[in-house]
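A.B. asks: The structure that follows is given in the form of structure tokens.
Numbering (this note's numbering), first residue to last: 65 to 335.
Set out below in structure tokens:
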């Protein structure tokens, strides 16, 4: 069943068109303000509820009272905030970004969760993925030969996955253009024994296993490869011991990195 939404904006037609286009992608059906509404979206400056306007305080209250969402936005740099249960306010760009994370068709439960979730939780998890991506790049660079391709390893799957990850991070192209990967790899290879230790990765996060529960709720796929990499670093909430039989494996790092570059655009960061 499609959600019914109403969007008012007497100030910016392009902004309104962009919002309506996105809502249609989420299988939301636009209706008149007098109809039953699941999602009411207004520009706070031009469409704020008023006794004499097209939107009255009673209409906004009715939407929230029925379990819907009343979202007010502005073009200014206003932090996203939950005014009350079912009532949110913030910058237009943040509103669009949150809606873009949703899956089609949208549900009222997903809509409420997405628009009311804490930005602090999102920001922390975005930083986690970004930090892991940098760690993966450093690790993978130590596993590359002078030509930017993976060192010779017995597993075809491992070689192919590492090659794909190195290519995605631009290392192979760098070696072709710069011609000094041998020197760079020699410097990096000195740190290989450290990069395979679980403690090396855990130190970046103060030994606390990071969570990705908020991001996972927004993605089209579950971050299984990243979680698998974290499992090689942590056993539950405890950091695994730095022993020779317990390294962080190259295949897990390469698979996690390839998953990260698919996830990063979905959470608002470049690959």
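Built from N, CA and C at the ideal position, the CB exists for glycine as well. Since we're looking at a predicted model, the values are computed, not measured.
(1) Residue 208 to residue 202, Cα distance in whole Å?
(2) Between which two residues does the alpha helix (DSSP H) holding residue 263 run?
(3) I'd like to know if residue 149 contacts chain B, where contact means its C-beta is closer than 8 Å to some C-beta of that chain.
(4) Out of curiosity, what's the CA-to-CA distance linking residue 163 and residue 95?
(5) Enumerate in chain order the residues of its own chain whose CB-to-CB distance from residue 144 is below 6 Å, with the five nearest sequence positions on each side excluded.
(6) Going by alpha carbons, who is nearest to residue 228 out of 120, 73, 254, 318?
(7) Mapping DSSP to helix, strand and coil, what is residue 302?
(8) Around the Cβ of residue 206, are there at least 16 other Cβ atoms within 10 angstroms (buried) or fewer (exposed)?
(9) Within a Cβ cutoff of 7 Å, which residues of the same chain sit near residue 84, ignoring the five residues on either side of it in sequence?
(10) Look at the Cβ atom of residue 100, then the Cβ atom of residue 138, and state whether they are nearer than 8 Å.
(11) Secondary structure at residue 94, three-state DSSP: helix, strand or coil?
(12) Ends of the beta strand (DSSP E) at residue 67?
(13) Evaluate the contact criterion for the region 284 to 293 versus the region 320 to 328: three or more CB pairs, one atom per stretch, below 8 Å.
(14) Starting from residue 131, follow its DSSP beta bridges and name the residues at the other end.
(15) Take residue 280 and list the residues in its own chain whose beta-carbon comes closer than 7 Å to its own, dropping the five residues that flank it on each side.
(16) So who's on the other strand from residue 109, going by DSSP bridges?
(17) With three or more C-beta pairs closer than 8 Å as the rule, is the region 122 to 137 touching the region 174 to 193?
(18) List the DSSP bridge partners of residue 148.
(19) Counting only the same chain and skipping the five closest in sequence on each side, list residues whose C-beta sits under 7 Å from that of residue 119.
(20) Is it true that the CB of residue 175 sits closer than 8 Å to the CB of residue 269?
(21) Roughly how many angstroms lie between the CA atoms of residue 298 and residue 311, to the nearest whole one?
(22) Once you ignore the five residues that flank residue 128 on each side, which residues in its own chain have a CB closer than 8 Å to its CB?
(23) Since residue 136 sits in a beta bridge, which residues does DSSP pair it with?
(24) Return helix, strand or coil for residue 181, following the three-state DSSP convention.
(25) Measuring CB to CB, does residue 233 end up less than 8 Å from residue 259?
C.D. replies: By the coordinates alone:
(1) Translated into positions along the chain shown, residue 208 becomes position 144. Translated into positions along the chain shown, residue 202 becomes position 138. The straight-line gap from Cα to Cα measures roughly 10 Å.
(2) As a first step, residue 263 is located in the chain shown; it is residue number 199 there, counting from the start. Segment 262 to 268, the alpha helix (DSSP H) holding residue 263.
(3) Protein chain content of the structure displayed is limited to a single chain, and chain B is not contained in it.
(4) Against the chain shown, residue 163 aligns to sequence position 99. Against the chain shown, residue 95 aligns to sequence position 31. For residue 163 and residue 95, the distance between alpha carbons rounds to 18 Å.
(5) In the chain shown, the residue the question calls residue 144 occupies position 80. These residues qualify, in order along the chain: 154, 158, 183.
(6) Here the question's residue 228 lines up with position 164 in the chain shown. When only C-alpha atoms are compared, the closest one is 318.
(7) The residue given as residue 302 occupies position 238 in the chain shown. If DSSP states are grouped into helix, strand and coil, residue 302 belongs with the strands.
(8) Residue 206 sits at position 142 when you count from the first residue of the chain shown. Buried: at least 16 other Cβ atoms inside 10 Å.
(9) Numbered from 1 along the chain shown, position 20 holds the residue referred to as residue 84. Around residue 84: 71, 94.
(10) Taking the chain shown and counting its residues from 1, one reaches residue 100 at position 36. Taking the chain shown and counting its residues from 1, one reaches residue 138 at position 74. No, the pair does not count as a contact, with Cβ atoms beyond the cut-off.
(11) Counting from one through the chain shown, the residue named residue 94 turns up at place 30. Note: residue 94 maps to strand in three-state DSSP.
(12) Position 3 of the chain shown, counting from 1, holds the residue named residue 67. That run of the beta strand (DSSP E) goes 67 to 72.
(13) Flag = yes, the region 284 to 293 and the region 320 to 328 touch.
(14) Looking up residue 131 in the chain shown gives position 67. Paired residues: none, contrary to the question.
(15) Here residue 280 refers to the residue found at position 216 of the chain shown. Taken in chain order, the residues that qualify are 286, 287.
(16) Residue numbering aside, residue 109 sits at position 45 when the chain shown is read from its first letter. Looking at the DSSP assignment, residue 109 forms no beta bridge with any residue, so it has no partner.
(17) Yes: the two stretches touch, three or more of their Cβ pairs being nearer than 8 Å.
(18) For the purposes of this step, residue 148 is taken as the residue at position 84 of the chain shown. Paired residue(s): 151.
(19) Here residue 119 corresponds to residue number 55 of the chain shown, with the count starting at 1. Closer than 7 Å at the Cβ level, and outside the excluded window around residue 119, lie 72, 97, 106, 111, 113.
(20) Residue mapping note: residue 269 aligns to position 205 of the chain shown, counting from 1. Residue mapping note: residue 175 aligns to position 111 of the chain shown, counting from 1. Contact: no.
(21) What you label residue 298 is simply residue 234 of the chain shown in a count that begins at 1. What you label residue 311 is simply residue 247 of the chain shown in a count that begins at 1. The straight-line gap from Cα to Cα measures roughly 12 Å.
(22) The count along the chain shown starts at 1 and reaches residue 128 at position 64. So the list reads 134, 148, 149, 150, 151, once near-sequence residues are dropped.
(23) Here the question's residue 136 lines up with position 72 in the chain shown. Paired residues: 106, 153.
(24) For this step, residue 181 is matched to residue 117 along the chain shown. Note: residue 181 maps to coil in three-state DSSP.
(25) On the chain shown, position 169 is the one that residue 233 refers to. On the chain shown, position 195 is the one that residue 259 refers to. No. Outside cutoff.
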